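For reference, each letter of the sequence shown is one residue, going 1 to 250 in the UniProt record's numbering. Ideal Cβ placement from N, Cα and C applies to all residues, glycine included. These figures come from a predicted structure and were not determined experimentally. Heads up, the thing below is written out as structure tokens.
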Amino acid sequence: MSVFRKPSQLFEFLPWDSELFRLRVAIIPKNIRLTAERLPDLKRSLRAHEIDLLYYFRDTNSPQEVTSFAAFGFRFIDTRIILGRTLQRVKVPQEVPMFELRRQNELTIHLKPLFAMSKDLAKTSRFWSDPLVQRSHIIRMYRSWVEKSLSFERSDHFFWVGSAADPLAFASFTKTKPHEATLSLIATRRDARRKGYGSALLKQSLYMLHKRGIRSVHLDMQLSNARALAFYQALGFRIRGSQYIFHWHR
Ligand SMILES: CC(C)(COP(=O)(O)OP(=O)(O)OC[C@H]1O[C@@H](n2cnc3c(N)ncnc32)[C@H](O)[C@@H]1OP(=O)(O)O)[C@@H](O)C(=O)NCCC(=O)NCCS
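Given below as structure tokens:
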């Protein structure tokens, strides 16, 4: 039996993305399977709600429908891969100092290097592969994401290596279920890469999360980011799924 949905339920409005991109942005929720029959409804609804930009993530195991999406105006942006690992066997390296930001911390971290890293993250994002999204808006989005991670509005755990005056790498995690977390952001400062800081940070973060009861960590990333994929795989993450990323612009 097919489930009837009102056209307006085919997508969800995204206030944060809308504010940062200065557009009306929406996403097709995970539980909605977009079929060719639903496209006319979608078109009407996008027009009625004056949506400018719509995201759609489609499992790569249904590639046969890609053509009808392209005809509708969805542009293929990149392939997203979902990685995961369980946390039973985390070994802790001791060679670099690692810090955790706590809600009650008074410690002030030097923001400039964090913002420089947020710019690098912006460039690895799916938005950077979309020529219709303004670059300055993407940079602003990732800067805001780092700010909101520091204030725990968009993260539950924030770790970094180096000192507060000189952070070399940072990572933020969001709790998704009682025993699961998502790695939201991770970056090493450009001049400190390939020196083991990223892996020391991630291993120690996973160790700390394990101590707090987290038993598995997931993340998603763009397949085109080969460097990061090598990094995660070296740290025991395995591919759990993949999706085609589509963006539709008004
Ligand atoms: C991905 C990133 C965090 C790795 O940080 P790092 O501190 O350089 O990582 P490490 O030095 O600990 O590297 C650990 C291992 O990862 C792999 N790796 C890291 N960078 C790599 C690269 N450029 N090419 C191939 N493998 C790489 C290697 O196996 C490496 O071990 P090795 O140096 O002994 O060969 C860093 O490159 C970065 O900040 N990239 C930009 C932001 C980004 O892409 N974040 C992830 C978004 S999903």
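Only residues of its own chain outside the window of five on either side were considered, and among them Arg143 and Val146 have a CB closer than 8 Å to the CB of Phe115, listed in chain order. In the displayed model, Gln204 falls within a helix according to three-state DSSP. Secondary structure note for Ala234: it is in no beta strand (DSSP E), and the uninterrupted alpha helix (DSSP H) holding it is Ala226 to Ala234. Residue pairing of Gly73 in beta bridges, as defined by DSSP: absent, with no partner found. One alpha carbon belongs to Leu223, the other to Thr108, and they sit about 35 Å apart. Within the DSSP bridge table, the entry for Leu23 names no partner. Around the beta carbon of Ala187, 16 or more other beta carbons lie within 10 angstroms, which makes this residue buried. Annotated three-state conformation of Glu12 is strand, per DSSP. Here His110 carries a coil assignment [DSSP, helix/strand/coil].
The Cβ atoms of Leu83 and Tyr207 lie no closer than 7 Å to each other. Looking from the CA of Phe152, the closest CA among Gln134, Lys112 and Gln104 belongs to Gln104.
Each of Asp120, Thr124, Ala187, Thr188, Arg193, Arg194, Gly196, Tyr197, Gly198, Ser199, Met221, Arg227, Ala228, Ala230, Phe231 and Ala234 has a C-beta closer than 5 Å to some heavy atom of ligand 1; these make up the full list, in chain order. Boundaries cannot be given for Pro29, as no alpha helix (DSSP H) includes it and DSSP labels it neither H nor E.
In the three-state reduction of the DSSP assignment, Phe127 falls in the helix class, which pools H, G and I. The C-alpha of Trp160 is placed about 30 Å away from the C-alpha of Val133. Taken atom to atom, the span from the alpha-carbon of Leu202 to that of Pro15 is near 31 Å.
In terms of Cβ geometry, Ser155 and Ser172 form a close pair [threshold 7 Å].
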